[in-house]
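For the numbering used here, add 660 to where a residue sits in the sequence shown, where the first one is 1. In this text, a Cβ means the ideal position worked out from N, Cα and C, and glycines have one as well. All values derive from a computational prediction rather than experimental measurement. Here is the structure we will look at.
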Amino acid sequence: MKKDLFTPYDLKGLHIKNRIVMAPMCQYSVTAKDGKPNEWHYVHYLSRAIGGTGLIIMEMTDIHPDGRITDGDLGIWSDEHIPAFARIMDGVHAHGAKIGIQIAHAGRKAEDAEVPVAPSAIPFPGASYKMPRALTTSEVQEIVQQFAQAARRAVKAGVDTIELHGAHGYLIHQFQSPLTNQRDDEYGQDLARFGVEVIQAVKKEMPADMPLIFRISAVEYADGGYDIDHAIKLSKAYQAVGVDAFHVSSGGEGLAGQRKPGNHPGYQVPFARQFREALQVPVIAVGMLEDPALAQSVIGNEDADMVAIARGLLRDPYWATHAAVALKSEPTSIPKPYIRAY
């Protein structure tokens, strides 16, 4: 069967009308009071649903106030957060899209925390970052439960899927990298252990047919950073305890070394393909894929099962509809009041 960008896709029990994913992107400049989404977030996400996006993944939403990158970011550390998220979920569903939340903790990249926490007391490069405090073993176990409670709240708010952020140098990534995890307890002896425990705890809070997505950095660009073989080994452990799809990105761990990240359309697609082949698991490709023909080729060549659009969807809430026009596919989700424009 021929597959293209507008072929529907079933991810576990989740039916998605096309292969287009809105990648999670923080809205830093908009202050989310006490981590709660506000009117900006409501309009921001609903406009992408109206514009035809199949699956929207809400921005990095943190499990603790000091787990945010900045104090303007979203959080879901309290039941008081649920109604504001539920309003967005209901609105997005009303316009035919599916929606998930990316749950995370920034770890040593928490810029506004008085004292950030991390697997080991190693600061993130850059003058604006503080020296983190190494977590005790019992504190690590508490954070695992904070992830679980965040997942419970997300489910109660009405999400269709949950994505765990294990990429870009945030806390889960910090535990799985030998650059940032120099512990001598069980969480240092097994670099996958923290991620595995988070996955297990989160899965207990999710309906059986709801997919769990894991975003991972396939490689690290800092000197001494891990390569894709390490990422695939980690991901096999994560898959074994319940990850249903991987959102494959790269970098974010610190200053680039001899190996530099690409800066051209599709530069991360080979990583997604390697994950798909090695794990036989659904993957989302990301990274400068906003040219509709390129996005189409990623699906048509079976490099990935879904394509995440990031800045392209910041520039154009109707990217999906405009991609359908450009590819001469029939747009299936044009709102009735707008049909005469097409």
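The continuous beta strand (DSSP E) containing F906 extends over residues 905 to 909.
DSSP places D731 outside both helix and strand once states are collapsed to three, so it counts as coil. Annotation for E740: no beta strand (DSSP E) segment contains it, and DSSP assigns it neither H nor E. Segment contact: the segment 963 to 977 against the segment 699 to 719, three or more CB-CB distances shorter than 8 Å; contact assigned. Per DSSP, the continuous beta strand (DSSP E) segment holding K758 begins and ends at 758 to 764. Counting only residues of its own chain and dropping the five nearest sequence neighbours on each side, Q899 has a CB closer than 7 Å to the CB of L939, V941. When only Cα atoms are considered, A955 and T796 end up about 44 Å apart. When C-alpha distances from H924 are compared across D670, A757, L949, the shortest belongs to L949. With a contact defined as Cβ atoms closer than 8 Å, H724 and Q806 qualify at about 6 Å.
Bounds of the alpha helix (DSSP H) holding R708 are 699 to 710.
In this structure, D722 sits near A764, with a CB-CB distance shorter than 8 Å.
Taking a contact to require three or more Cβ pairs closer than 8 Å, the segment 771 to 783 and the segment 836 to 846 qualify as touching. As computed with DSSP, G826 is found in a beta bridge with I876.
The beta-carbon separation of M718 and I761, rounded to 5 Å, stays under the 8 Å limit for a contact. Our two residues, A811 and D887, have alpha carbons roughly 30 Å apart in a direct line.
Using a 10 angstroms sphere on the CB of S993, the tally of other CB atoms reaches 16 or more, which defines it as buried.
Assigned with DSSP and collapsed to three states, Y998 falls in helix. Annotation for I717: the continuous beta strand (DSSP E) segment containing it runs 715 to 722. The beta-bridge partner set that DSSP reports for H675 consists of D670. Sorting R813, Y847, S957 by C-alpha distance to the C-alpha of V800 places Y847 at the top.
For V967, the uninterrupted beta strand (DSSP E) run begins and ends at 966 to 969, by DSSP.
Going by C-alpha positions, I832 is about 43 Å away from K996. Under the three-pair Cβ rule at 8 Å, the segment 904 to 915 counts as touching the segment 866 to 875. When the five nearest sequence neighbours on each side are left out, the beta carbons in the same chain lying within less than 6 Å of the beta carbon of A968 are those of V681, A683, I944, V946, in order along the chain.
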